[in-house]
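Here the structure is laid out as structure tokens; the discussion comes afterwards.
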Amino acid sequence: MCSALTNSSSCNSLTAAAAGNSAESQIRAFKRLSDPLHSLILEYAKGRAPHALMLSGPFGVGKATLARLLCMALLCVSADRPCGDCPGCRRAGDGSHVNLITLRALPGSRTVKVEQARDLTASLAGHPFSAGPRVVVMESVDIFTPAAQNALLKAVEEPDEATFFILTAVQEKAVLPTIRSRCRHVRMPLWPQNMIEEWLIARGVPSPEAPELAALCGGSPGKAMQIRDDEGFWAVRKAAEQSIFAVRDVHGFPAASAILKDQRDRADLLLDYAENAAMRSIDPKVPDNEKTIRARRILEAVLTARKHRASNVSWQAAADEILLSSLEE
Ligand SMILES: [Zn+2]
0 MCSALTNSSS
10 CNSLTAAAAG
20 NSAESQIRAF
30 KRLSDPLHSL
40 ILEYAKGRAP
50 HALMLSGPFG
60 VGKATLARLL
70 CMALLCVSAD
80 RPCGDCPGCR
90 RAGDGSHVNL
100 ITLRALPGSR
110 TVKVEQARDL
120 TASLAGHPFS
130 AGPRVVVMES
140 VDIFTPAAQN
150 ALLKAVEEPD
160 EATFFILTAV
170 QEKAVLPTIR
180 SRCRHVRMPL
190 WPQNMIEEWL
200 IARGVPSPEA
210 PELAALCGGS
220 PGKAMQIRDD
230 EGFWAVRKAA
240 EQSIFAVRDV
250 HGFPAASAIL
260 KDQRDRADLL
270 LDYAENAAMR
280 SIDPKVPDNE
290 KTIRARRILE
300 AVLTARKHRA
310 SNVSWQAAAD
320 EILLSSLEE
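Position 82 of the sequence shown, counting from 1, maps to 81 under numbering that gives the first Met the number 0, and the rest follow consecutively.
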């Protein structure tokens, strides 16, 4: 097997895992999360899998875990699929199954290049697969170069009956429409806070810390785990809370502006934090209360700030605009 094609061990990512480690507990968690996800697993288990599937959603919501479970459902050799215990499931789970190929960015690379895609198509033609279904997992297909995606189009478009493609993506619009249109598309839902809290506690996060992380992670258990030890996140949180969410009038503006100026290197992280925090402040039941109105103004300002950053407007100017929007009228 060429270096571009690796086993699916990253499918086993802790940060993207569902609410337990066994196949059974993962299926239970996905069922609790969403009926359509559970139906999807059943389709794969009953031999009615679509020939190509794209799972999309933010980082850490369980795309890789679900993809691994679906691989197991296809490659399981027991009657109760996916059992999680048979040789088929175990090898699908650790990526060593001879009928499983995973295409992903090489270590240190932020993309998948056309050469890797060509290696995959050559491998599909020449790889000595054993009998039964074969599965191709394309991880984060949104970071594949357009040339790589184009090179894969024919394989996805005209698979043989025994080949199944499972694609994952964070930014679905970065996937070529020609690829998307060949796939059944499933958007992963965000997790409710109580499920994330339970998930964190099951992984040893102390109970006073778990609710806070669950509230801050934007519905992604993987993100909750990631921010736990991320000093940058906590620095950005402090800065945003002391500036955007604290300033009330023009007198506080210079100090708040200075705080944000210092966060220039973490600007994108700060905008993400401000967006999530503003979303949490919106109470749809009382759309007219002052807190909700202010949160909506901040959300709009964050959107504008992102556009400004894309047009090379200085961070200070973009940050000051957010501050102005957060001032009481
Ligand atoms: Zn099995």
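From the three backbone atoms N, C-alpha and C, an ideal C-beta is built for every residue, glycine too.
Own chain, CB closer than 6 Å to residue i, minus 5 neighbours either side, in chain order
i           : result
residue 282 : 291
residue 11  : Any reading at residue 11 must be qualified, since the residue scores a pLDDT of 35, below 50, and its modelled position is unreliable; no value is offered.
residue 216 : 222, 223
residue 266 : 314
residue 173 : 141
residue 301 : 270, 273, 274
residue 175 : 148
residue 2   : Because residue 2 carries a pLDDT of 36, less than 50, the predicted location of this residue cannot be relied on, and the following value inherits that uncertainty. Closer than 6 Å at Cβ, skipping near neighbours: no residue.
residue 135 : 100, 164
residue 177 : 152
residue 143 : 111
Residues of its chain near residue i, where Cβ-Cβ distance is below 8 Å and the 5 sequence neighbours each way are ignored
i           : result
residue 182 : 49, 51, 52, 53, 155, 164, 166
residue 200 : 206, 209
residue 227 : 204, 208, 212
residue 250 : none
Supposed close pair residue i, residue j - CB separation, criterion 8 Å
i           : j           : result
residue 273 : residue 258 : Contact flag wrong, Cβ pair sits at about 13 Å.
residue 74  : residue 63  : Going by Cβ atoms, the distance from residue 74 to residue 63 rounds to 16 Å, so no, they are not a contact pair.
residue 293 : residue 325 : 6 Å
residue 39  : residue 194 : That pair is no contact at about 18 Å.
residue 72  : residue 43  : 4 Å
residue 56  : residue 187 : 3 Å
residue 395 : residue 69  : In the structure as shown, the chain starts at 0 and stops at 328, and residue 395 therefore has no counterpart that could be examined.
residue 190 : residue 219 : 7 Å
residue 320 : residue 309 : Not really, about 14 Å apart at Cβ, beyond 8 Å.
7 Å CB neighbourhood of residue i in its chain, flanking five on each side removed
i           : result
residue 269 : 235, 238, 239, 262
residue 147 : 111, 112, 113, 115, 116
residue 157 : none
residue 242 : 255, 258, 259, 322
residue 121 : none
residue 276 : 239, 244
Which residues DSSP lists as bridging residue i, in chain order
i           : result
residue 183 : 52
residue 163 : 134
residue 143 : 111
residue 63  : Residue 63 is not bridged to any residue.
residue 100 : 135
residue 238 : DSSP output for residue 238 lists no bridge partner at all.
residue 380 : This structure does not reach residue 380, given that the chain is present from 0 up to 328, and the question cannot be answered.
Beta-carbon proximity check, residue i vs residue j, cutoff 7 Å
i           : j           : result
residue 246 : residue 322 : yes
residue 213 : residue 196 : yes
residue 86  : residue 22  : no
residue 133 : residue 101 : no
residue 318 : residue 307 : no
residue 331 : residue 30  : Because the chain is modelled from 0 through 328, residue 331 falls outside the range shown and cannot be assessed.
Contact between the region 166-176 and the region 128-141: three or more CB pairs below 8 Å? yes
For the 8 Å Cβ check, are there 3 or more pairs between the region 71-90 and the region 103-114? no
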